[in-house]
Structure formats: structure tokens, C-alpha cells
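Single-structure report; data block below.
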Amino acid sequence: MFNNRHWEFQQDSAPAHRAKGTQDWLAARDFDFIRHEDWPSSSPDLNPLDYKIWQHLEEKACSKPHPNLESLKTSLIKAAADIDMDLVRAAIDDWPRRLRTVADRYTSPLWKCLVQRLITGPYPPP
Numbered sequence: 005m006f007n008n009r010h011w012e013f014q015q016d017s018a019p020a021h022r023a024k025g026t027q028d029w030l031a032a033r034d035f036d037f038i039r040h041e042d043w044p045s046s047s048p049d050l051n052p053l054d055y056k057i058w059q060h061l062e063e064k065a066c067s068k069p070h071p072n073l074e075s076l077k078t079s080l081i082k083a084a085a086d087i088d089m090d091l092v093r094a095a096i097d098d099w100p101r102r103l104r105t106v107a108d109r110y111t112s113p114l115w116k117c118l119v120q121r122l123i124t125g126p127y128p129p130p
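Following the working numbering, the numbering of the sequence shown begins with 5 at its first residue and continues without gaps.
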């Protein structure tokens with residue numbers, strides 16, 4: 005999957021992530037993922053989509069009020085289509101620094117274990 009590179013999905017405590025349907029869907033497809041129960045609550049975002057891309061989409065799509073849900077959906081789709089790939093690359097390139105910062109700041113054994121798993125994974129590096 006994903007150009008023959010291993011990926012591991014992070015499922016934090018966001019409602020969409022902890023939904024039974026989401027958890028079941030991931031498990032049924034044999035994806036490697038960190039279950040929401042294993043992710044510390046009130047944790048910092050470690051997913052580039054969460055800490056960079058959504059912010060950009062919100063700024064673009066929500067710069068003006070929307071009269072209804074369809075208007076918001078249309079605006080989000082347009083904003084997503086217009087995302088500059090340099091923004092995406094910068095968010096991904098920044099991920100190791102963000103991960104190290106979290107590892108340095110959050111010293112609980114659970115965080116150390118999660119960060120180590122995200123860095124090395126249960127698989128050999130590519």
C-alpha cells in the first residue's frame with residue numbers, strides 16, 4: 005500500500021477516529037493502526053493532516069459564513085482541490101521534528117512507547 009511503503013494509521017480520540025465503524029473498518033482491512041484506546045487523551049496532533057492541512061482548509065473554506073451544509077461541502081472540496089503540494093510536502097517534512105518535540109515534552113512511558121513505535125514501527129525501516 006502507498007508505493008510499497010508501510011503506513012500506520014493513528015486513531016486518536018477524535019469522534020470520527022473512535023467510532024466503532026471506523027475501528028471495525030480498519031481492523032477488517034488488516035491495516036496497522038494505533039487504536040484510539042491506546043492513544044493518550046488530550047494529546048498533541050501528530051498527523052500532518054491534523055496539524056497543518058485542516059488548518060489550511062478551514063482558513064480557505066470558512067473565510068465566510070455558509071448558509072447550509074452543501075455550501076460548506078462545496079467550499080471544502082474546492083479548497084482541497086486547490087491545496088499546493090508544497091504545503092503538503094512541508095507538513096510531511098516537518099513531521100519528524102514535531103515527533104521529536106513531542107517525545108521531549110511528554111515524558112510518560114506511554115508517550116515514549118508510542119513515539120518509538122511511530123519512529124521505528126513494528127517493521128523494518130524502508
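Backbone N, C-alpha and C define an ideal beta-carbon position, used for all residues, glycine too.
Less than 8 Å between the CB atoms is what I'm expecting for residue i and residue j, so what's the real figure, rounded?
i     : j     : result
ALA65 : LEU76 : 7 Å
VAL92 : PRO48 : At roughly 20 Å, the Cβ-Cβ gap does not stay under 8 Å, so VAL92 and PRO48 are not in contact.
SER67 : HIS40 : Actually they are not in contact, since the Cβ atoms of SER67 and HIS40 sit about 31 Å apart, beyond 8 Å.
Count the other CB atoms within 10 Å of the CB of residue i; is the residue buried (16 or more) or exposed (fewer)?
i      : result
ASP90  : exposed
PRO52  : buried
THR118 : Rather than Thr, the amino acid found at residue 118 in this sequence is Leu. Counting Cβ neighbours within 10 Å, LEU118 comes out buried, since at least 16 surround it.
LEU61  : buried
GLU12  : exposed
GLN15  : buried
PRO130 : Residue placement at PRO130 cannot be trusted, given a pLDDT of 43 that sits under 50; what the coordinates show is reported in the next sentence. Flag for PRO130 reads exposed.
Starting from residue i, follow the alpha helix (DSSP H) in both directions and report where the run begins and ends.
i     : result
GLU63 : 58-65
ARG22 : 19-22
SER47 : No alpha helix (DSSP H) contains SER47, which DSSP labels as neither H nor E.
Which residues does DSSP list as the beta-bridge partners of residue i?
i     : result
ILE96 : DSSP lists no partner for ILE96.
ILE38 : GLN14
Specify whether the segment 55-70 and the segment 21-31 touch according to this definition: at least 3 beta carbon pairs, one from each stretch, less than 8 Å apart. no
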